[in-house]
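Have a look at the structure below before the remarks.
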Amino acid sequence: MIEKKIYYHDTDAIGIVYHASYLKILEEDRTEFFEAQDILVKDFHEQGRHFVIKDLHIKYKSSARFGDIVICESVINKITAAQIFFSQKIFNKTSNIILIEADIILVIINEHFQPVIIPEDINSLLLENAGVIKGGA
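Just add 3 to the spot in the sequence shown (first one is 1) and you have this note's numbering.
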């Protein structure tokens, strides 16, 4: 879970958070989520492995504005042999209003940009520490 203050550069011409700015917040929270499970994304990249988004669905429910504080929460719903299914939401800290809900599927690619099976060390850490559901293919 991360907390972020909304700055002017996060907003668009009408003063609300630009839709792509939410993607950055989601990415930051997933990185923090992995690092809380002792999966250091920087080390992972140095090993030639990379988390990439395979599928992304976002439901925009309300808008944040300059000066707001937002909180992002991430949960892994399921892990298969090659996919990690995240549900994420961003809400306004003061009002507790949900701003967006996102469902994201991550895969891992190697240095040749080919998808790979989730390494056992990553799989074990996520299953042990994140309390996720082991899925099918």
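Just so you know, even glycine gets a beta-carbon here, dropped at the ideal spot from N, CA and C.
- Counting along the chain, no alpha helix (DSSP H) covers Lys96, and no H or E run does either.
- Linking Ser24 to Glu131 through their CA atoms gives a straight-line distance of about 32 Å.
- Taking the C-beta atoms as reference points, Ile74 is found no nearer than 9 Å to Ile103.
- Beta-bridge analysis with DSSP links Gln117 to no other residue.
- Setting aside the 5 residues that flank it on each side, Ile101 is surrounded in the same chain by Lys64, Lys92, Phe94, each with a C-beta closer than 6 Å to its C-beta; the list follows chain order.
- Shown here for Asp32: same chain residues with a beta carbon closer than 8 Å to its own, the five before and five after excluded, namely Met4, Ile5, Cys75, Glu76, Ser77, Gln91 in chain order.
- Closest in C-alpha terms to Gln86, from the list Pro118, Leu26, Arg68, comes Pro118.
- Distance from the Cα of Phe116 is smallest, within the candidate group Lys7, Asp124, Glu30, His48, for His48.
- Around Ile9, the same chain offers Val20, Ala67, Arg68, Phe69, Gly70, Asp71, Val73 as residues with beta carbons nearer than 7 Å, after the five sequence neighbours per side are excluded.
- Contact between Leu59 and Ala16 does not hold, since the beta-carbon distance rounds to 24 Å and is not under 8 Å.
- Straight across, the Cα-Cα distance linking Asp124 with Asn99 is about 36 Å.
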